[in-house]
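Here's the structure we're looking at; comments come further down.
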Amino acid sequence: MSLSRSPSPVPGGGWSSPGLNMNGSGRSSPAKMSFGGPANGAVTWESARLKSQGVAGYPSFSTQNQGFFTRHMRRISSSLPSFNVGADDRYVEKEKLGRRPWRIPFIGRVRAMSARLGRKWKIRALVLAIFLACYLLFYITPLCYYWRRTSWLGGGEKFVIILAANVGGGVMEWKGAREWAIERDSVRNKRKYTSRWGYELEIVDMSTKKRYAHEWRESWEKVDSIRNSFRKYPKAEWIWWLDLNTFVMEPSYSLQHHIFDDLNKHIYRDINEYNPLNISHPLTGDYLDPDSLSPIGDGSPDSVNLILPQDCSGFNLGSFFVRRSDWTDRLLDIWWDPVSYEQKHMQWEHKEQDALEQLYTTQPWIRSHTAFLPQRLINSFPTGACSDNGNDTRIHYNQDDRDFVVNMAGCEWGRDCWGEMYNFRELSYYLNRNPWERFKEDLIAVIWFKLTGQKVKL
Amino acid sequence: MHFAYPARKNSNPPPYLPRSTRWLKIRRRHLKPFAALALAVLGLIWLFSGGSKHKGGRVISGKPAVVVVTVFDGKYDNSPYIKSIRENRSRYAEKHGYGTLLTSASDYDLKGSPASWSKVVAMRHAITKYPDCKYLWYLDQNAFIMNPYLKVEDFVMGSTKLEDTMIKDFPVVPPDSIIKTFANLKGGDVELVLTQDKEGLAAGSFVIRNGEWAKFFLDTWFDPLYRSYNFQKAEAHALEHIVQWHPTILSKLAIVPQRTINAYAGDAHGEQYKDGDIAVLFPHCSGTGDKSCARVSERFSQQWRTSFSKA
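Residue numbers (UniProt numbering), protein chains in the order written: chain A, 1 to 458; chain B, 1 to 311.
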C-alpha cells in the first residue's frame, strides 16, 4: 500500500502504522478495540501500549478491583488507629522499656503556660496574639482581598477596569516583539493593580472589526465593550477605560481613596477651568432649565455619570470613567449615529472622541452630567506628548508628585512606545521599593560605595 | 492480665448532665461583653463601609398634571382663527387645571433650520417653565381640542389604558421598517406616545412624560447635525431616524391608534375625526385660499365652543 503523503503523528503519541491501519485516523480508542484486539488489524502504538498496561484488550474478567472491600481495604486499613510505636526499627532500641513519650494535649500545655503567667503578662500576650492574628488574617490569607472586593466593605467590586488590548491588530498589521512586550507589561501592570484592590479587569480585543458590511467602524468599539462590561459585571458601578499605552505608576493608590471617596473635591464641572477647545460654557438660551444653564449642573456628585480628563487638545478618552446609569445607556446609544457619522467622519480624526466633543458642545443633557478631572489625577502625559508648549504642570508627569497613571498617548506616531513603557515601569518599581530595599540601596550600598569606591547591587 | 473493676454506678444519677469541657461555654455573665464586642465589630464595619449614599434625581410632583404646548407660526396672529385656537387651548387647560405654553416660532433661534423644528425647543421650554408637570402634550397650531372631558393623564397616558391601546410589534415607520415597536412594554415605562398617519410617524400631536428621559430625547432630536442634514420633512424625518436607530428611544415609545390624539379633519392623510375624539388636526392646510386652515376649521370651530360651554 503506497501513500501519497506521510501520515501525521497521532495524538496519543507514536506513529501509526499506515500499512496496517486502513480504517481512519490511526488512533483507536481503547473502548472501541477492547474485544477485537489485534484481530481487526489496527496495530498502533497506542493500542500496544494500552494492551501491555492491561487497561483493555481482553474482556475483563479479573478479580481485581471488584467489590467494595477489595477496593477500599487499603484505605480503611491505613486510617485505622495504629498502636505500633515500636514498629519502626530505628526507634526500637531507644524505646526499650516500651515507654510512651508523654503526650500532653496542646490546649493543656497552653493552659498550664497561661496559669504560670501573671495577669499583666497575660494581657500583653493577649494583645500580641490579637495583633498576630490580625496580621495573619489580613496579609497572609486572601481575607484582605475579599474585604477589599466586597461592595459593602472595600467596594472593589464596584469598579471595572477595561483595558484595550490589541489595538489596530488583526487585519491592519502584525505585531512585532515590541508590541507584544508592551502589551504584556501593560496587562501585567493592570492585573496586579486590580488584584491588589479587588477590582475587576476586563481586557478587550480592539482589533479592527466591521460592524456593518459596508463600513469600518474603527475605534467605536469602545461603546460596545463598555456596554458588554456593564452586562458582564452586574455589580460594577464605575467602569474605568484604559488604553493599552498606560501604566499605573502608583499601585498603592486605590480608586476610592484617590478619587471617588471625595468626588466633588477632585472633579470640576465648569469647563472654563481648563478649556483648550474654547467651548462656550455654560449654555445659553432661555428655553433651557436651570440645571442646563448652570455651569456645574446641579452640583451634586450623584449626577456625575461621565468623568474624563482633558489634555492640551481637548477631551482625552485614553483614561476615563463612566457610571452605570440610564444616562450612560443613553450616551452609549447615541454616541454613534449614522447621520452624524455620514456628515462628519472625514473631519473627526479621533472618531468617538470628536463625537463626544460634538455631543458635549451641542446637547444640554450631556453637559449637566459630565465632569472633568485634572489630567494628572488619572492620565499624566510623558514629556513627548503635548510638547508644543514645553512642560506643562497640568499635563506632564512629575515623579515628585507621584502621579497615579501615565498615558503614553500618541507614542505610536514617531515615539518609542516600548522605551517609554520600559522607563516608566522601572521608575514605578524604583519609586515603590519596600523599606528593606530602600535600606539596602539607599544606605548600605551608599556606605559601601563611600568606603570602597565600588558600586554594588544588593 | 486483669483489670480493676469499674467503679460502681451511682444509683441516683445526677439530675443534669455534667459539663463536658471547660472550654466553649458561655456563662451568662460573659454574655454582655460578647454582645458588646459583636456590636463594636459591626459598628466598625458600618463605619468603614460608609453606607450607600446614592439619591435619585429630583422628584416630579405632578403639578400641573399636563402642559399643552402649541407653537404658532406667527403669520396671522391677529386673525380670529388664531385667536380661537389660543382660546381653545386656554379653556381646555383651565378646565383641568393644566398649564399651557403658547409660543411663537420666532421666539427661538433655530440658526436657519426650518421653523417646524421650533416644536422641539418649545417642548424643552415647557419643561423649564413647568418643571413639576407630569406630561407634556404637543399639539400643532392647526388643531382644535374637541372633547373637553378627556384628560390626557387618564385617557392617553393611563397605564392600563395605554397597555390596551398601544400597537405592539408593529413597524415603527410603515409599511416596511424592520424596526418594530416593543411587544412587551409596560404602560408605566412609556415615556413618549406617538401616532402614525399615512405618511409615517406623525409629529403633529404627541405626549411626553416629563423627566430626564424627556430632556435627553428632546436634546437628541434637536441635534444640530440632524437639523443640518436636510431631512426632507425636517423634524418629522429626524424623529423617524432616531426612533429607528436608537433603542433607548424605541424602548420608551408607544404608538397608539391615530385617533387617540391625532385625528385629522379629512381622510386624505390619515384617519378622519369622529365625534368624541380628543382633538382634530388640519394637516397640510395652507395659509390662504380655498383650502386655508381657517376655512377647513370653520366646521369644527362652532362644535368645540358648544361642547366646551356645555362642559
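For glycine and all other residues, C-beta sits at the position ideal for the given N, C-alpha and C.
Source: prediction; values computed, not measured.
Could you tell me the alpha carbon to alpha carbon distance between residue i and residue j, rounded to whole angstroms?
i	j	result
M346(A)	W365(A)	26 Å
H237(B)	L218(B)	14 Å
P295(A)	N272(A)	9 Å
I334(A)	H369(A)	15 Å
M123(B)	A371(A)	26 Å
G204(B)	W336(A)	28 Å
E87(B)	T70(B)	12 Å
K252(B)	K344(A)	28 Å
M408(A)	K233(B)	47 Å
S29(A)	M206(A)	Any reading at S29(A) needs caution, since the residue's pLDDT is 39, under 50, leaving its predicted position unreliable; the model's value is listed next. Rounded to whole angstroms, S29(A) to M206(A) spans 42 Å at the Cα level.
Y273(B)	Q353(A)	49 Å
T194(A)	C144(A)	13 Å
R91(B)	A214(B)	26 Å
A65(B)	N210(B)	10 Å
D392(A)	L373(A)	16 Å
D442(A)	K450(A)	12 Å
L331(A)	E357(A)	12 Å
S186(A)	I226(A)	19 Å
P33(B)	V127(A)	17 Å
P247(B)	A165(A)	28 Å
G154(A)	L255(A)	11 Å
T103(B)	E153(B)	23 Å
Q160(B)	F231(B)	Residue identity differs from the one stated: residue 160(B) is Thr in this sequence, not Gln. Approximately 36 Å between the Cα atoms of the pair.
R295(B)	E342(A)	43 Å
H396(A)	C386(A)	8 Å
G198(A)	Q258(B)	54 Å
Could you check where the alpha helix (DSSP H) with residue i kicks off and where it finishes?
i	result
I107(A)	F106 to R116
D326(A)	D326 to W335
S339(A)	Looking at the sequence provided, one finds Val at residue 339(A) rather than Ser. P338 to K344 is the extent of the alpha helix (DSSP H) around V339(A).
N407(A)	Taken as a continuous stretch (DSSP letters only), N407(A) belongs to no alpha helix (DSSP H), being part of the beta strand (DSSP E) at V405 to N407.
D354(A)	E352 to T362
G204(B)	Element bounds for G204(B): not the alpha helix (DSSP H) but the beta strand (DSSP E), G200 to R209.
residue 313(B)	Only positions 1 to 311 of chain B appear in the structure, and residue 313(B) is not among them; the question remains open.
A129(A)	R119 to Y135
I378(A)	Q375 to I378
V160(A)	No alpha helix (DSSP H) contains V160(A), which is instead part of the beta strand (DSSP E) from F159 to A165.
I239(A)	Run containing I239(A): none in the alpha helix (DSSP H); it sits in the beta strand (DSSP E), W238 to L242.
T220(B)	E212 to W221
If you check the beta carbons only, do residue i and residue j fall under 8 Å apart?
i	j	result
S380(A)	V406(A)	yes
S301(B)	S84(B)	yes
C133(B)	G99(B)	yes
L281(B)	A263(B)	yes
W240(A)	I161(A)	yes
L163(A)	L293(A)	no
R425(A)	G384(A)	no
A115(B)	D169(B)	no
L263(A)	V304(A)	yes
I261(B)	A279(B)	yes
Q196(B)	P175(B)	no
L136(B)	M166(B)	no
R299(B)	S113(B)	no
F222(B)	V121(B)	yes
M157(B)	D277(B)	no
Y253(A)	F404(A)	yes
V67(B)	R89(B)	no
Mind checking which residues open and close the beta strand (DSSP E) that includes residue i?
i	result
Q310(A)	L306 to D311
W197(A)	Taken as a continuous stretch (DSSP letters only), W197(A) belongs to no beta strand (DSSP E), being part of the alpha helix (DSSP H) at A177 to W197.
L244(B)	The amino acid occupying residue 244(B) in the given sequence is Gln; Leu does not appear at that position. Not the beta strand (DSSP E): Q244(B) falls in the alpha helix (DSSP H), residues A234 to W245.
V204(A)	E200 to D205
V223(A)	Unbroken run through V223(A) is the alpha helix (DSSP H), E221 to K232; no beta strand (DSSP E).
S319(A)	S319 to R323
Exercise. Identify every run of the alpha helix (DSSP H) within the stretch 63–137 of chain B, keeping only runs that are complete inside it and at least 4 residues long; order them along the chain.
Key: 80–96 and 118–129
Quiz prompt | beta strand (DSSP E) segments (min. 3 residues) lying fully within the stretch 259–311 of chain B | solution = 279–281
Practice problem: Using a Cβ-Cβ cut-off of less than 7 Å, list which residues of the stretch 96–129 of chain B approach chain A; keep chain order. | Solution: Y108, V121, R124, H125, I127 and T128
Exercise. Give, in chain order, every residue of the stretch 311–339 of chain A whose Cβ lies closer than 8 Å to some Cβ of chain B.
Key: D326, W327, D329, R330, D333, I334, D337, P338 and V339
Quiz item: Enumerated in chain order, which unbroken segments of the alpha helix (DSSP H) with a length of 4 residues or greater are wholly contained in the stretch 422–453 of chain A?
Solution: 435–438 and 445–452
Practice problem: Mind checking the stretch 361–388 of chain A against chain B and listing, in chain order, the residues whose C-beta falls within less than 7 Å of any C-beta there? | Solution: T362, Q363, P364 and W365
Exercise. Give, in chain order, every residue of the stretch 269–289 of chain A whose Cβ lies closer than 9 Å to some Cβ of chain B.
Key: G285, D286, Y287, L288 and D289
Exercise. Note down, in chain order, all residues in the stretch 229–246 of chain B with a beta-carbon under 9 Å from any beta-carbon belonging to chain A.
Key: Y229, F231, A238, H241, I242, W245 and H246
Quiz item: Relative to chain A, which residues along the stretch 189–216 of chain B have a C-beta separation below 9 Å, given in chain order?
Solution: E212, W213, K215 and F216
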